[in-house]
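Notes follow once the structure below has been shown.
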Amino acid sequence: MAAREVDVPGIAALIAALISHPLILGADPVPLGAQAPLDQSLAGSADRHERMTVPVAVEGNGPYRFLIDTGSQRTVVSTALAATLKLPSGPDVQVMGIAGTNRVATAEVEELTFGKRLVTGLTVPLLEDRHIGADGIIGTDSLQHDRVLLDFTRNTMTIGEAKALGGQKGFEIVVTARRRDGRLILTNAVIDGINVDVVIDTGASATIGNRALQRAMREKGESKGTIDSVTGQSIIAEMGTADKLSLGKLGIANVLIAYADAPAFGELDLDKRPAIFLGMREMRAFKRIAIDFPTRKILFDLPE
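With our numbering applied, the sequence shown has no gaps in its numbers, which climb one by one up to 308 at the end.
If you want it as structure tokens, here you go:
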């Protein structure tokens with residue numbers, strides 16, 4: 005699961021955030037390729053944490069506002085929505101958030117629809133909407149046959165087959181990821197000369213780094229803040245700024261990182277070596293990003 009927000013109190017942290025706006029380095033733009041058919045696009049709206057939500061129908065009702073979260077393995081429904089729709093109860097399950105583990109109730113969902121995609125037969129954990137910041141979460145268990153296309157210029161999100169969404173046309177950088185528990189991890193990334201694993205996390209507002217990365221960078225942290233999880237738990241984070249994150253020949257300058265002892269790294273076996281959950285703040289430096297689950301490709305379109 006992803007973090008809901010990072011709260012960074014203090015003037016020093018505010019100044020650090022303002023001066024460290026992410027910048028794209030190291031690649032030349034090429035003409036933009038084919039755009040997604042309009043009838044396949046879901047109008048995305050950014051919440052106050054800069055994440056993208058889309059309209060979703062549950063059991064033919066709605067639409068409701070769901071967060072698309074590529075850092076979450078499970079699709080989730082809020083407790084309020086489950087009560088409103090009188091969804092049948094399922095067994096209790098353990099849910100791992102960025103800040104810890106909770107045992108929560110589940111509900112059975114026969115049909116869930118977003119765009120032209122129909123997902124059936126789900127057992128969904130139930131979390132409080134005040135922690136999610138939405139009516140639910142579309143996790144990677146519902147996205148394994150799809151491409152998720154984030155267009156930050158148009159503020160739209162498109163979900164469908166890669167070919168229907170233009171293939172690789174218009175994307176300057178294509179990176180192959182490995183799959184773990186349904187999520188895509190980039191393993192050939194470098195932060196300030198340090199090899200790092202990167203989880204593309206559309207459900208996190210900010211980029212979160214583990215302690216292994218903090219130690220490797222000898223980062224003491226410019227200030228402290230709090231990371232709030234969708235499970236309702238919180239952990240303390242220390243904020244720091246990296247000069248450059250390199251993904252192949254592509255570079256992102258001025259990366260703001262919240263370092264924390266986040267159990268979510270251990271869930272993915274990423275707690276012993278440097279790793280980050282790349283948040284929406286850094287992703288919004290691009291014009292478009294396509295996350296292609298069937299082929300394990302992440303495609304980047306640079307701003308003009």
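Just so you know, even glycine gets a beta-carbon here, dropped at the ideal spot from N, CA and C. As the structure is a prediction and not an experimental result, all values here were calculated from the model.
Residue pairing of Leu303 in beta bridges, as defined by DSSP: Val178, Ala294.
Ranked by Cα distance from Thr180, the first of Thr299, Leu153, Ser93, Asn199 is Thr299. Here the C-alpha atom of Gly66 lies approximately 8 Å from the C-alpha atom of Pro59. With contacts defined by Cβ atoms closer than 7 Å, Gln237 and Ala103 form a contacting pair. Assignment of alpha helix (DSSP H) within the stretch 105–176, counting only whole runs of 4 or more residues, yields 133–136 in chain order. The alpha-carbon separation between Asp305 and Lys228 amounts to approximately 33 Å. Distance from the CA atom of Ala279 to the CA atom of His149, rounded to whole angstroms, is 26 Å.
Excluding five sequence positions before and after Phe175, the CB atoms of its chain that fall closer than 8 Å to its own CB belong to Gly37, Arg292, Ala294, Leu303, Phe304, Asp305, given in chain order. The shortest C-alpha to C-alpha distance from Ile189 to any of Asp273, Gly64, Thr230, Met56 is the one to Asp273.
DSSP, read as helix, strand or coil, puts Pro67 in strand. Residue ranges of uninterrupted beta strand (DSSP E) with 3 or more members, entirely inside the stretch 175–240 and ordered along the chain, are 177–180, 182–184, 187–195, 198–204, 211–213, 227–233. Here Ser76 is not bridged, per DSSP, to any residue.
Under the 10 Å beta carbon count, Thr124 is surrounded by fewer than 16 other beta carbons and is classified as exposed.
As the crow flies, the alpha-carbon of Tyr263 is around 14 Å from that of Lys276.
Remark: C-beta atoms of Leu249 and Val259 approach each other more closely than 7 Å. Between Val234 and Leu169, the C-beta spacing is not below 7 Å. Looking only at Thr211, Ala246, Thr230, the smallest Cα-Cα distance to Ala220 is reached by Ala246. Taking a contact as a CB-CB distance under 8 Å, the pair Arg78 and Gly143 counts as one, their CB atoms being some 5 Å apart.
Taking C-alpha positions only, Phe290 is separated from Val203 by approximately 17 Å. If you draw a straight line from the Cα of Ile240 to the Cα of Val108, it comes to about 23 Å. In the three-state reduction of the DSSP assignment, Pro59 falls in the strand class. In its chain, beyond the 5 residues on either side, Lys291 have a beta carbon closer than 7 Å to the beta carbon of Thr157. For Leu254, the enclosing beta strand (DSSP E) starts and ends at 254–263. A straight line joining the alpha-carbon of Leu91 with that of Asp232 spans about 27 Å.
For Gly94, the enclosing beta strand (DSSP E) stretches over residues 93–100. Under the three-state reduction of DSSP output, Gly283 falls in the coil class, being neither helix nor strand.
In this structure, DSSP gives Leu85 a helical state, which the three-state scheme calls helix. Rounded to whole angstroms, the separation of the alpha carbons of Arg151 and Thr162 is 8 Å.
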